[in-house]
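Some notes on the structure that comes next.
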Amino acid sequence: MFVAVAVVVSVLSTAAPQPKADQYAWLERLERWVTAVADHEPGGLDDSVTETAMLSRGDLQTLWLDTAALLKLMQCGGVSRCRISVKLPSDKSAQPWRRVDKTAAERLERLVREVATRFHGINGLVKRGAVLHTDVAILGADITPPANPPVVSNVVPDQVVLRFKDGRQQSYEHNSVHWEFARMLLDHVSRPAADDMVRAWYHATVAWLQHKENLYLAHLEHGRQIFPNDAELLFQLGCMHETYASVGVQTVMESLDHRQRRFFDVQGRRAELEDAESFLKKAVAAQPSFADANLHLGRVLGLRGRHADAVAALDAAKAATDDPLLLYYAELFLGAEHEALRHFDEARQAFEHAASLYPAAQSPYLALSQLAHRQGDRAGALRAIDSVLQRPSKDEADDPWWIYTLSHGRDADARLRKVYERVARDPS
Amino acid sequence: MKSVALAAVALGLGALVRADQANFSAKTEHVRVDVLATERGRPILGLKPEDFEIVDNGVPQRAELASFEQIPLNVIIVLDMSASVEGEKLDHLRAASTAVLQRLEKADQAALLTFSHTVQLDAPLSGELTRVHKALGDVEPDGDTALVDASYAGMMVAESDVGRALQIVFSDGVDTASWLTPELVLDAAKRSDAVVYSVSTSGKPSFLKELSELTGGSLFEIESTKNLSTLFLSVLEEFRHRYLVSYAPQGVARNGWHKLEVRVRGRNANVKARPGYLAGS
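Sequence order for the protein chains is R and G. The opening position of the first sequence corresponds to residue 1414 in the working numbering, with each subsequent residue numbered one higher. The opening position of the second sequence corresponds to residue 364 in the working numbering, with each subsequent residue numbered one higher.
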């Protein structure tokens, strides 16, 4: 399993003048992008995805500016009617857009009219565009763009990702700029906070990223700025901080030197658990019957030593679901909390219930063995450990404990499909 | 609760009684302590029960038995097989484990337990060492690291038999996958007779350090696995020079933590033994 943590490490540099021979290259790129957005079948790895994935970082940086400018042009009704400035994500100030000659202005006017017709307005373009870039980030991840030409502008925040596995650093690499692109597009939806598609897109993409253990806090925080009281986003934020508190993440952070560590938003274990509790409590307050949120809240409270509170949250999780996966986690965690409270009978019952839900799982039997051993029942301890050792499966599906940190993104694919269906049905 | 063993388990006689046949309600309970006594770096030979001074929670006790070499060993080899153990490191692990197996004596037994995110008993505790040899050849690294779960499972394999248990644990990383917590497993170690020697290349082996200290073993922190065979053999050699001392606790409360002090009377000896044991839940 890989986990990635994102961080902004580079910011704006000013645009350099284009060589004369390529003076309309930016415009052709913009026109091709509009065509790619129109032709893209949501959820499919088609030519639009391939062509967009093949854009170099330099091309994408330029396209970012020009797309933002195109959207402004659409808002003000055409080239002749407005002065365009572009607000850069890496810089709070607005920067003047490029100067365009008469030929470019005419082509832009045509493009504005075409977009208005093909996409029924800005919402149609930005939603379909966001879906295209989402698919590039997800489906086009293995497509390698050509070597970068010299970067003429560096307007998109550069997200460096530290990949690690089993508590060890693996590599540094760039996060997909297409997530940024999609967010920028959706920021142009009229009243995004009231738009169901935008909300559903954040739910789906956050779940997908979490399921892939890409701990992309900036993405989640951006969604929360738009939907500050959204239970799902609060829940996912809580889960992310819970994961940040884990041994795997904390160990990797400790292996970084001070200079490297300050790029990452990861605090110490205690502070991360505090943040996790805070977000999960808000999620539960927003939606009291939210089984996943109650489950994770119970787990976090237990890790913070608040065992009685943890039992209450885990009981609430159990009462709110009949999903065997969530029930398994709830019973496993309840067993641990009851044991911490020295309620040994309740602990054993909870572990036994967990074992009955996933008979091939090792964790409940390890727990039962340890509990029996603690109570002086060596025969019981040996019987339970025998059950563990008779279950040498390495299949992660056999013991959901091994994939607990992925479980809150388990329905990501279904959520993405719903977003795609919605956009295909009603792009505006 | 292995630290309190039945008197019926005849120490020094080589009797092997399945632990699940044991009865803990017996009134006569004995505590077993594995003791390494050295002088100027060399093991002291020929000590008798009366040579040992044992203090349990501040109360002097009378050692009844002090066995040396007569009791067959149960060696439980617990190896990290997470994804990071590959190539040369895996070769060194196999070679070191094989060296230990080749040095075992006829009555000794061995088991192989490996772990990634899962815990696997590749070869159960047995005198048929060819099974362990074969299992060593078959293991393949993969997955995360459930060191804490595996350390506990290793202790339980040790407790499945009454022989003297030496548990050798190797890990190259931190725990990222266990269900059991270090606190619970350290608690279990306080109730167990197994002596854990551990070897770590991770640079932060706090759990293994505590586990080794609590059981009277040692932790070896190494940077390279190049000399792992020599290290594993030195562990086996040291363990063979330990005395198994037993006594029936007198004048102390049964439950709770029992702090142990072990000395050799009339000698300026260095003594390595577990610092205590835990009885009751």
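Glycine is no exception: its CB is placed at the ideal position from the N, C-alpha and C atoms.
Which whole-angstrom value describes the C-beta separation of residue i and residue j, a residue pair presumed to lie in contact below a C-beta threshold of 8 Å?
i       : j       : result
R:R1520 : R:L1440 : 6 Å
G:G639  : G:D397  : Not confirmed; about 13 Å, so no contact.
R:A1696 : R:A1706 : 4 Å
G:L596  : G:R457  : No, G:L596 and G:R457 are not in contact; Cβ-Cβ is about 14 Å, not under 8 Å.
G:L453  : G:P504  : 6 Å
G:F478  : G:A459  : Not confirmed; about 17 Å, so no contact.
G:S561  : G:V532  : 4 Å
R:A1723 : R:L1714 : 4 Å
R:G1822 : R:W1621 : 6 Å
On a Cα-Cα basis, can you pick out the residue from the options that is closest to residue i?
i       : options                            : result
G:D550  : G:K469, G:A446, G:G643, G:A616     : G:G643
R:K1515 : R:R1683, R:Y1437, R:Q1775          : R:Y1437
R:M1895 : R:G1580, R:A1699, R:S1589          : Examination of residue 1895 of chain R is not possible in this model, given that chain R is present from 1414 through 1841 alone.
R:E1645 : R:H1616, R:R1672, R:Y1657          : R:H1616
R:K1578 : G:P423, G:A446, G:R617, G:V438     : G:A446
R:V1544 : R:G1636, R:V1450, R:I1556          : R:V1450
R:Y1629 : R:D1459, R:M1487, R:V1679, R:G1542 : R:V1679
G:E522  : R:Y1817, R:D1808, R:A1797          : R:A1797
R:L1779 : G:Q483, G:H455, G:Y560             : G:Q483
G:R637  : G:S565, G:S460, G:H496, G:A552     : G:A552
G:H401  : G:D507, G:V537, G:L410, G:G536     : Correcting the residue identity first, residue 401 of chain G is Thr in this sequence and not His. Here the closest residue by C-alpha is G:L410.
R:D1555 : R:V1539, R:P1641, R:E1444, R:L1458 : R:L1458
R:H1395 : R:L1739, R:R1755, R:R1787, R:L1754 : In the structure displayed, chain R extends from 1414 to 1841; residue 1395 of chain R sits before or after that span and is not available.
R:A1785 : G:P612, G:N618, G:L547, G:A462     : G:L547
G:R617  : G:L641, G:N437, G:A498             : G:L641
Quick one: is residue i buried, meaning 16 or more other Cβ sit within 10 Å of its Cβ, or exposed?
i       : result
G:L577  : buried
G:S569  : exposed
G:L408  : exposed
R:Y1585 : exposed
R:R1828 : buried
G:T391  : Only weak support is given to the placement of G:T391: the predicted model assigns it a pLDDT of 44, under 50, and the question is left unresolved by the model.
G:G614  : exposed
R:Q1649 : buried
R:C1489 : exposed
G:G526  : buried
R:A1825 : buried
G:W620  : exposed
R:R1791 : buried
R:H1635 : buried
G:H480  : buried
G:S575  : buried
G:E593  : One detail in the question is off: residue 593 of chain G reads as Thr in this sequence, not Glu. Exposed, by the Cβ-count rule.
R:E1752 : buried
G:S366  : Any answer about G:S366 is weak, because its pLDDT of 27 lies below 50 and its placement is not dependable; what the coordinates show is given next. Its Cβ being crowded by 16 or more others within 10 Å, G:S366 is buried.
G:A385  : Only weak support is given to the placement of G:A385: the predicted model assigns it a pLDDT of 32, under 50, and the question is left unresolved by the model.
R:V1420 : Only weak support is given to the placement of R:V1420: the predicted model assigns it a pLDDT of 37, under 50, and the value that follows is read from those uncertain coordinates. Buried.
G:V422  : exposed
R:P1772 : exposed
R:K1540 : buried
G:G566  : exposed
R:R1612 : buried
G:D501  : exposed
Is there a Cβ of chain B sitting closer than 8 Å to that of residue i, yes or no?
i      : result
G:A516 : In the structure shown, chain B cannot be found, because the protein chains are R and G.
Any heavy atom of the ligand ATP closer than 7 Å to the Cβ of residue i?
i      : result
G:V502 : Absence of the ligand ATP from the depicted structure is noted, as is the absence of any ligand whatsoever, leaving it without description.
Give me the subset of the segment 1767 to 1791 of chain R whose CB atoms are less than 7 Å from a CB atom of chain G, sorted by chain position.
Q1775, S1776, L1779, A1780, S1782, Q1783, H1786, R1787, Q1788, G1789, R1791
By the 7 Å beta-carbon criterion, what residues does the segment 476 to 499 of chain G contribute toward chain R?
S479, H480, T481, V482, Q483, L484
Quick check: the segment 542 to 560 of chain G against the segment 469 to 489 of chain G, are there 3 or more CB pairs under 8 Å?
no
Taking beta-carbon pairs under 9 Å, can you tell me which members of the segment 543 to 574 of chain G lie near chain R?
L543, T544, L547, V548, D550, A551, R554, S555, S565, G566, K567
What residues from the segment 436 to 459 of chain G come within 9 Å of chain R, judged by C-beta to C-beta, listed N to C?
S445, A446, S447
For the segment 1545 to 1552 of chain R against the segment 1455 to 1467 of chain R, are there 3 or more C-beta pairs whose distance is under 8 Å?
yes
Touching by the beta-carbon criterion (3+ pairs, under 8 Å), the segment 465 to 473 of chain G and the segment 511 to 522 of chain G
no
Listed from N- to C-terminal order along the chain, which residues in the segment 1654 to 1669 of chain R have their beta-carbon within a distance smaller than 7 Å of any beta-carbon of chain G?
V1660, G1661, T1664
Meets three-Cβ-pair contact criterion under 8 Å: the segment 1757 to 1766 of chain R and the segment 1731 to 1748 of chain R:
yes
Does the segment 586 to 595 of chain G come into contact with the segment 617 to 632 of chain G, if we say contact requires no fewer than three beta-carbon pairs (one atom in each stretch) closer than 8 Å?
no
Between the segment 1703 to 1728 of chain R and chain G, which residues of the former have CB atoms less than 8 Å from a CB of the latter, in chain order?
none
Quick one: any contact between the segment 428 to 445 of chain G and the segment 601 to 609 of chain G, if contact means 3 or more CB pairs under 8 Å?
yes
In the segment 1580 to 1592 of chain R, which residues sit with their C-beta less than 7 Å from some C-beta in chain G, listed in chain order?
G1580, R1581
Cβ contact (3+ pairs, closer than 8 Å) linking the segment 1780 to 1795 of chain R and the segment 1592 to 1604 of chain R
no
According to a CB-to-CB cut-off of less than 9 Å, which residues of the segment 518 to 534 of chain G neighbour chain R?
M518, M519, V520, E522, S523
Are the segment 1650 to 1661 of chain R and the segment 1684 to 1703 of chain R touching, with three or more C-beta to C-beta distances below 8 Å?
yes
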